[in-house]
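The sequence shown begins at 1 in UniProt numbering and counts up one residue at a time. Built from N, CA and C at the ideal position, the CB exists for glycine as well.
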Amino acid sequence: MKQKTCICLADISFSYIFRHSETKKYFEKYICKEASDGELLTVTDDLWERHRNVAEVSISDSYTEFYALLGITSRALLKYGKCLFHGVAFLWRDKAWIITAPSGTGKTTQFRLWKKLFGDEIELINGDKPIIECREDESVWIYPSPWNGKENLSGTKTGKLAGIIYLEQSDRNEISRMDIRSSMIPIYRQFLYYGDYEEEIRAVGHMEDVILRNIPIWKLCNLGDEASAELTYNTLRQYLEV
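Laid out in structure tokens, this is it:
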């Protein structure tokens with residue numbers, strides 16, 4: 001029997017069993033100091049074959065397992081009103097913010113612009129896949145996770161979510177508030193989970209409902225330049241000052 005490794009994510013402890021010993025290195029910052037009897041998470045043979053068959057030959061077995069564990073972890077987190085979410089999360093003015101969009105749209109570019117222009121004001125939470133939580137009082141909280149993207153942008157902070165910026169590439173810089181109808185599909189697509197079971201789909205649906213009713217969402221059509229970051233910064237600053 002392979003050894004269990006206790007991992008703490010978003011204040012929840014899980015016991016992981018890794019197929020490959022090298023996989024443990026991706027979770028080093030999240031290893032619990034004490035043993036836990038938390039839910040056991042591991043990649044099944046069927047799931048392993050599914051991920052290994054679609055992974056590029058150059059991708060290591062440990063990295064393939066690491067990403068296979070993403071969906072398994074979300075399934076476990078959903079029982080606590082939490083889920084992995086696609087986006088760059090950071091703290092600004094003591095509040096958490098998420099920049100999200102389909103892969104390759106410029107989330108990291110936008111964050112780097114913020115870091116360049118307003119670096120003293122912001123702190124990174126996670127650069128690619130933070131954990132999002134919807135609490136019973138309908139407040140939304142953001143936590144770091146081991147899945148921090150190819151740029152390896154990781155932080156340790158946690159914060160209460162104040163807003164989401166949804167990116168679109170454009171030939172101009174323009175920002176506007178999104179209504180519930182227009183933001184439903186874009187936001188739903190950022191939840192990272194398998195969706196194999198009805199309970200999971202219902203849980204994510206509830207989380208999205210809480211977010212759409214309580215969290216402002218802006219669409220940023222942008223050129224990926226400093227002016228787009230300044231536009232977003234000023235828009236959010238004015239929102240906070242109202």
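Item, Value
"Contact the segment 92-109 vs the segment 30-45: 3+ CB pairs below 8 angstroms", "no"
"Through-space distance from I17 to M184, alpha-carbon basis", "36 angstroms"
"Check whether I215 and I142 have beta carbons under 8 angstroms apart", "no"
"Separation of W97 from R177, as counted between CA atoms", "15 angstroms"
"Spatial distance of Y194 from R75 (CA atoms)", "7 angstroms"
"K14 and F85 closer than 8 angstroms at C-beta", "A small correction: the amino acid at residue 14 is Phe; Lys does not occupy that position in the sequence shown. In this structure, F85 does not lie closer than 8 angstroms to F14 by Cβ."
"H7 vs K82 beta-carbon contact at 8 angstroms", "Reading off the sequence shown, one finds Ile at residue 7, where the question assumed His. Not in contact: I7 and K82 (Cβ atoms no closer than 8 angstroms)."
"Rounded C-alpha distance that separates Y233 from K157", "20 angstroms"
"Pairwise C-alpha distance: G87 and D225", "19 angstroms"
"The segment 107-119 contacting the segment 148-157, beta-carbon criterion three pairs below 8 angstroms", "yes"
"Through-space distance from K95 to L153, alpha-carbon basis", "19 angstroms"
"Residues sharing a beta bridge with C221, DSSP", "E168, E174"
"Residue from L220, F118, E138, Y197 with nearest C-alpha to H206", "E138"
"Beta-carbon contacts of A203 that lie in its chain and below 7 angstroms, excluding the five residues immediately before and after", "L78"
"Beta-bridge pairing of E133 - partner residues as DSSP gives them", "K82, W141"
"Those runs of the alpha helix (DSSP H) which lie wholly inside the segment 9-91 and span at least 4 residues", "45-54, 61-77"
"R112 and E65 closer than 8 angstroms at C-beta", "no"
"Whether L167 touches N126 by CB criterion (8 angstroms)", "no"
"At least 3 beta-carbon pairs within less than 8 angstroms: the segment 31-40 vs the segment 52-63", "no"
"Cα-Cα separation, P186 to W218", "11 angstroms"
"Neighbourhood of I72 by C-beta, 6 angstroms cutoff - its chain only, sequence neighbours within 5 removed", "L41"
"Residue of K2, R189, H51, G119 minimising C-alpha distance to A229", "G119"
"Spatial distance of A68 from R52 (CA atoms)", "9 angstroms"
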